[in-house]
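Per the numbering used here, residue 94 is the first one in the sequence shown, and the count goes up by one each step.
Quick reminder that beta carbons are idealized off the backbone N, C-alpha and C, glycines included.
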Amino acid sequence: MAKGIQMIGTSSSANVLGWTLVLLGAASIAMPTHAMAQGDAQAAEPAATPGESLEPGALSLNDGRFVFGVPVVRTKEGARIHYEHGIITVPSSMIRDMLPSKSEVEYVPANDKEKELIAKGMVNFQGKWLTKDAAARRMEKLQKELTERIDKQQERKAWGAHISVETKDFKFEHNLPDELFDNLKELMEVYHKTFLKYWGKRPQGKVKPTINFYADHGDFSQISGASGGIVGWYHPVSKQLHVFWDRTDPDFTIDVLFHEANHMLVDMIDGPFRYPHWIEEPMAEYYGASKWDAEKKAMEIGRVQAGRFAEILYEMQDDKWMKLEDLIGSSSYRSYTWGWSFVYFLMQTPKYEKKWKKLWLDLAHKRGIKRSYEGPFKTVETETIKEMLLKYLGHEVLETLEREWYDFLKNVKIDEVDGLEQAGRKLRTMGKHKEAKDMLSQAVEKGAQSPFTYAAYAQLLTKPGERKRAFEMIDKAIQLDPLEAEFYYVKGKMTEATGNEKDMLEAVRLYLLAHDIDPLPWKYVEAAEFAK
Numbered sequence: 094m095a096k097g098i099q100m101i102g103t104s105s106s107a108n109v110l111g112w113t114l115v116l117l118g119a120a121s122i123a124m125p126t127h128a129m130a131q132g133d134a135q136a137a138e139p140a141a142t143p144g145e146s147l148e149p150g151a152l153s154l155n156d157g158r159f160v161f162g163v164p165v166v167r168t169k170e171g172a173r174i175h176y177e178h179g180i181i182t183v184p185s186s187m188i189r190d191m192l193p194s195k196s197e198v199e200y201v202p203a204n205d206k207e208k209e210l211i212a213k214g215m216v217n218f219q220g221k222w223l224t225k226d227a228a229a230r231r232m233e234k235l236q237k238e239l240t241e242r243i244d245k246q247q248e249r250k251a252w253g254a255h256i257s258v259e260t261k262d263f264k265f266e267h268n269l270p271d272e273l274f275d276n277l278k279e280l281m282e283v284y285h286k287t288f289l290k291y292w293g294k295r296p297q298g299k300v301k302p303t304i305n306f307y308a309d310h311g312d313f314s315q316i317s318g319a320s321g322g323i324v325g326w327y328h329p330v331s332k333q334l335h336v337f338w339d340r341t342d343p344d345f346t347i348d349v350l351f352h353e354a355n356h357m358l359v360d361m362i363d364g365p366f367r368y369p370h371w372i373e374e375p376m377a378e379y380y381g382a383s384k385w386d387a388e389k390k391a392m393e394i395g396r397v398q399a400g401r402f403a404e405i406l407y408e409m410q411d412d413k414w415m416k417l418e419d420l421i422g423s424s425s426y427r428s429y430t431w432g433w434s435f436v437y438f439l440m441q442t443p444k445y446e447k448k449w450k451k452l453w454l455d456l457a458h459k460r461g462i463k464r465s466y467e468g469p470f471k472t473v474e475t476e477t478i479k480e481m482l483l484k485y486l487g488h489e490v491l492e493t494l495e496r497e498w499y500d501f502l503k504n505v506k507i508d509e510v511d512g513l514e515q516a517g518r519k520l521r522t523m524g525k526h527k528e529a530k531d532m533l534s535q536a537v538e539k540g541a542q543s544p545f546t547y548a549a550y551a552q553l554l555t556k557p558g559e560r561k562r563a564f565e566m567i568d569k570a571i572q573l574d575p576l577e578a579e580f581y582y583v584k585g586k587m588t589e590a591t592g593n594e595k596d597m598l599e600a601v602r603l604y605l606l607a608h609d610i611d612p613l614p615w616k617y618v619e620a621a622e623f624a625k
């Protein structure tokens with residue numbers, strides 16, 4: 094049976110990935126941030142006065158993003174970018190350098206050397222001093238490259254034009270931008286090596302698994318056959334892994350990828366063996382909480398799964414602890430949450446880690462273990478696992494192990510702001526809006542830094558009397574990252590909800606502004622057409 098996480102995903106921050114992903118605007122290139130800078134940027138103003146003509150400029154941001162080919166005006170506070178459907182203000186704290194269309198404030202040289210360079214007609218572009226002609230040629234070259242990338246990605250809009258890539262260990266099918274795919278491919282190769290090294294096993298069989306990366310949820314649902322709230326799944330018979338890229342929530346996408354790829358990697362080393370649900374899914378959740386460091390090309394394993402723990406925490410506070418006896422053999426939803434916490438407890442407790450590792454491997458590989466068949470796969474019955482669990486971990490009864498597990502959980506914390514942000518956003522993706530709202534409210538009160546947190550919170554403020562607060566939150570998200578197209582789309586949805594004719598026109602403008610910033614997601618134009 095195919096495996097999938099029963100979740101629905103949206104917002105998060107891209108900084109954990111450090112992608113060189115290009116999110117190409119009609120005349121812009123935007124790359125996800127390493128850190129979101131706070132500034133005084135406000136929600137986009139209406140477009141420039143009709144008839145006003147400005148030459149194209151360029152902007153380079155501290156986080157690695159670029160804007161090309163649209164008018165850029167230098168201001169005392171930073172810069173204004175004149176898109177067709179709105180003017181976006183970018184604070185100086187986010188800007189590395191710029192080539193303005195026209196300068197209202199002249200560039201102030203930092204020292205005598207810069208004064209001499211400026212006197213010679215030089216300009217600072219991308220951290221280098223160039224002649225104006227050289228800078229213009231550089232801009233022209235980059236613009237040509239961007240146009241080619243846009244055209245290439247537009248050709249891949251339909252899955253029928255997807256790309257096939259084969260490596261030593263995997264086959265890949267995708268319709269993503271090349272830069273994004275290259276990073277995901279590298280992530281999978283590192284994950285593969287890290288997993289095999291820790292468990293000390295080599296893949297069985299000669300069939301390479303196929304990893305399918307889809308550009309959006311629509312492609313994923315239609316092509317992979319995923320149903321309901323499944324956002325990623327692995328099929329052990331066909332050896333096919335299916336995941337879509339949610340560009341508004343890279344963290345969640347990577348969680349799903351780490352989770353589902355764990356099913357694939359386990360299948361590669363175990364062959365025709367399947368762990369019971371209460372072991373298999375929690376182990377996948379344990380790996381799903383991993384963090385990918387793109388610069389170091391390394392995984393950080395063993396992190397708290399903040400979203401899962403947030404759910405457990407509410408049950409702990411209501412004294413609804415899951416009994417270990419009930420967890421063993423369970424296939425309920427709680428086996429994801431409480432099962433993750435049990436695996437996390439064993440993997441993070443020094444006296445149990447090696448014992449649990451041996452038990453996990455022996456269940457699949459040791460001779461003499463009584464196994465039964467579940468369809469075409471072998472497995473181990475609940476009573477056998479219970480006996481082995483007590484024997485391997487050194488307990489006579491489950492209750493003593495259960496007490497240690499509970500005591501461990503009482504000391505796990507997600508009080509940190511980033512933990513609250515992660516938990517709140519994840520709870521929202523799972524449809525647990527009441528709990529998500531509480532977590533995100535706490536995160537905001539504690540000074541949340543991610544703009545995606547404010548955007549997620551804004552979308553939960555739907556009760557009468559919360560509209561003003563909701564717009565304050567989405568405007569805060571835009572202030573923190575005025576060049577994130579999705580925020581204008583979200584604000585458009587919120588604006589359109591009134592049904593007022595004036596608001597409908599503003600919603601259309603916001604959708605088209607989102608498209609100005611990032612023309613790749615076609616939902617922006619579709620939303621504008623529908624609103625009209």
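Query, Result
"Rounded Cβ spacing between Tyr582 and Ala620 (contact assumed at less than 8 Å)", "7 Å"
"Contacts around Trp222, its chain only, beta-carbon distance under 6 Å, and the 5 residues preceding and following it disregarded", "Leu210 and Met215"
"Spatially closest choice to Asp455 from Thr472, Glu467, Tyr466 and Ala354, by CA coordinates", "Thr472"
"Helix, strand or coil at Ala620 [DSSP, three-state]", "helix"
"Backbone secondary structure at Tyr445 - three-state DSSP", "helix"
"Any 3 or more C-beta pairs closer than 8 Å across the region 326-343 and the region 430-449", "no"
"Test item: CB-CB of Ala452 and Leu482 under 9 Å", "The question names Ala, yet the displayed sequence has Leu at residue 452. Contact: yes."
"Beta-bridge partners of Glu408, as assigned by DSSP", "None; Glu408 has no bridge partner."
"Contact test: Ile174 Cβ vs the ligand GTP heavy atom, cutoff 8 Å", "As for the ligand GTP, it is missing from this structure, which has no ligand bound."
"Span separating the alpha-carbon of Val183 from that of Ala172", "5 Å"
"Met587 vs Ala551 beta-carbon contact at 9 Å", "yes"
"Extent of the continuous beta strand (DSSP E) run through Leu334", "Gln333 to Phe337"
"Beta-carbon proximity list for Lys625, same chain, < 7 Å, skipping 5 on both sides", "Val601"
"CB contact check: Asn355 to chain C, cutoff 9 Å", "Included in the structure is just one protein chain, with no chain C present."
"N-terminal and C-terminal residue of the beta strand (DSSP E) that Tyr368 is part of", "No beta strand (DSSP E) holds Tyr368; DSSP gives it neither H nor E."
"Backbone CA spacing between Phe438 and Leu605 [nearest angstrom]", "49 Å"
"Exposed unless 16 or more other CB atoms sit within 10 angstroms - verdict on Ala607", "buried"
"Bounding residues of the beta strand (DSSP E) (the contiguous stretch that carries Ile180)", "Gly179 to Pro184"
"Residue from Gly220, Glu474 and Leu152 with nearest C-alpha to Gly188", "According to the sequence displayed, residue 188 carries Ile and not Gly. Closest by alpha carbon: Leu152."
"Nonlocal neighbours in the same chain, by C-beta distance under 8 Å from Met191, ignoring five residues either side", "Gly150, Ala151, Leu152, Ser153, Val165, Arg167 and Ala172"
"Whole-angstrom distance between Asp344 and Pro125, CA atom to CA atom", "Because Pro125 carries a pLDDT of 27, less than 50, the predicted location of this residue cannot be relied on, and the following value inherits that uncertainty. About 12 Å."
"First through last residue of the alpha helix (DSSP H) which encompasses Tyr547", "Pro544 to Ala551"
"Cβ-Cβ distance between Met376 and Gln297 below 9 Å", "no"
"Residue burial classification, Tyr291 (beta-carbon count within 10 angstroms, cutoff 16)", "exposed"
"Per-residue burial, Val490 [other beta carbons within 10 Å of its own, 16 or more giving buried]", "exposed"
"Buried/exposed call for Val300, threshold 16 Cβ in 10 Å", "exposed"
"Neighbourhood of Leu277 by C-beta, 7 Å cutoff - its chain only, sequence neighbours within 5 removed", "Phe306"
"Check whether Ala578 and Tyr617 have beta carbons under 9 Å apart", "yes"
"Residue(s) in a DSSP beta bridge with His255", "Beta-bridge pairing links His255 to no other residue."
"Beta-carbon proximity of Pro365 to Phe470, cut-off 9 Å", "yes"
"Beta-carbon spacing of Thr287, Ala391 below 9 Å", "yes"
"Residues of its chain near Arg367, where Cβ-Cβ distance is below 8 Å and the 5 sequence neighbours each way are ignored", "Pro329, Glu373, Glu467, Phe470, Lys471 and Thr472"
"Residues near Met281 by beta carbon distance below 7 Å, same chain, minus five either side", "Phe263, Ile304 and Ala354"
"Cα-Cα separation between Lys448 and Trp252, rounded to whole angstroms", "46 Å"
"Length at least 3, wholly inside the region 474-562: the beta strand (DSSP E) runs in chain order", "none"
"Three-state class that DSSP yields for Val283 in the structure shown", "helix"
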